[in-house]
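Participant:
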Amino acid sequence: MSESERESIRKDARFVNYRKNEMIYFEDEYPKDLMCLLKGKVKIFKSGIGGRSQIIRMIRPIQYFGYRAYFANELYVTAASAFESSTVCLISMEIIEDILRKNGDLAMFFIQQLSIDLGIADQRVVNLTQKHIRGRLAESLLFLKESYGLEEDGATLNIYLAREDLANLSNMTTSNAIRTLSGFVDERVIAMDGRKIKIIDEDKLRKISRMG
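Taking the numbering used here, the leading residue of the sequence shown gets 349, the next gets one more, and so forth.
(1) Provide the residue(s) that pair with T435 in DSSP beta bridges, ordered along the chain.
(2) Could you check whether the stretch 392–411 touches the stretch 427–434, counting it as contact only if at least three pairs of C-beta atoms, one from each stretch, sit closer than 8 Å?
(3) Nearest-angstrom Cα distance between V533 and D541?
(4) Measure how close the beta-carbons of V436 and L385 come, nearest whole angstrom, since I'm counting them as under 8 Å.
(5) Any idea what DSSP makes of I410, helix, strand or coil?
(6) Looking at E377: is its Cβ nearer than 9 Å to the Cβ of Y415?
(7) Are the beta-carbon atoms belonging to I547 and L514 less than 9 Å from one another?
(8) According to DSSP, simplified to helix, strand and coil, what is L509?
(9) According to DSSP, what are the bridge partners of A427?
(10) Report, in whole angstroms, the separation of the C-beta atoms of E487 and K493, which I expect to be a contact under 8 Å.
(11) Following the continuous alpha helix (DSSP H) through I548, name the residue where it begins and the one where it ends.
(12) Short check: CB of Y496 to CB of R408, under 9 Å?
(13) To which residues does DSSP link S440 through a beta bridge?
(14) With R482 and I556 assumed to form a contact (beta carbons below 8 Å), what rounded beta-carbon distance in angstroms separates them?
(15) F419: which of Q411, D446, I404, Q402 sits nearest, CA to CA?
(16) Identify whether A469 lies in helix, strand or coil by the three-state DSSP scheme.
(17) On a Cα-Cα basis, can you pick out the residue from L382, F374, I404 that is closest to F491?
(18) Output the boundary residues of the beta strand (DSSP E) element that contains D360.
Written out as structure tokens, the structure is:
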């Protein structure tokens, strides 16, 4: 971007702190801002039948979100909330659109981001509908590892999920998630300490995910 474009963004940028579980945007709201997560973790989810939610994506720091609906000229079809205390930078989509119309490089950046997200979404639809419960849960654990990394021990996931959230990420009931996790523990694939999950045998976990 040019210096004048950067300056217009700097003038408009707002920094908002969200508490754990606080909503960032709701389904059916009109999208107004491009959002960039600076600190913390954010989940993108959709409400389902019977009050159940499906976690669509997990956002990690320096990822952009919340802009697809604006480009599609529609209301949000998902909601977003802070998974833990988080800081988000908000920039008016009107300013972003104005810059994109003049800056082909930045426009290409967003096209690439949308294309990557679409590819991930397509793959998740296939996996969540065709894989069995064990495969879906194994894939979710690997997804969390790749998204947020491991703690200093090199094995414990650097994110602590409630069983309900893990179930929502894996498209299964909480009871099925608990049973499947217990099975993984018995097989020495993982170990658990409260919400902490330690991957003991990543090769086996990948095999379970791959086999579905």
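The beta carbon of each residue, even a glycine, is placed where N, CA and C say it ideally should be.
Facilitator: Short version:
(1) N365, K387
(2) yes
(3) 11 Å
(4) 6 Å
(5) coil
(6) no
(7) no
(8) coil
(9) F393
(10) With a Cβ gap of about 11 Å, E487 and K493 do not count as contacting.
(11) Here I548 belongs to no alpha helix (DSSP H), and DSSP marks it neither H nor E.
(12) yes
(13) D381
(14) 5 Å
(15) D446
(16) helix
(17) I404
(18) Counting along the chain, D360 falls outside any beta strand (DSSP E), though it belongs to the alpha helix (DSSP H) covering 351–360.
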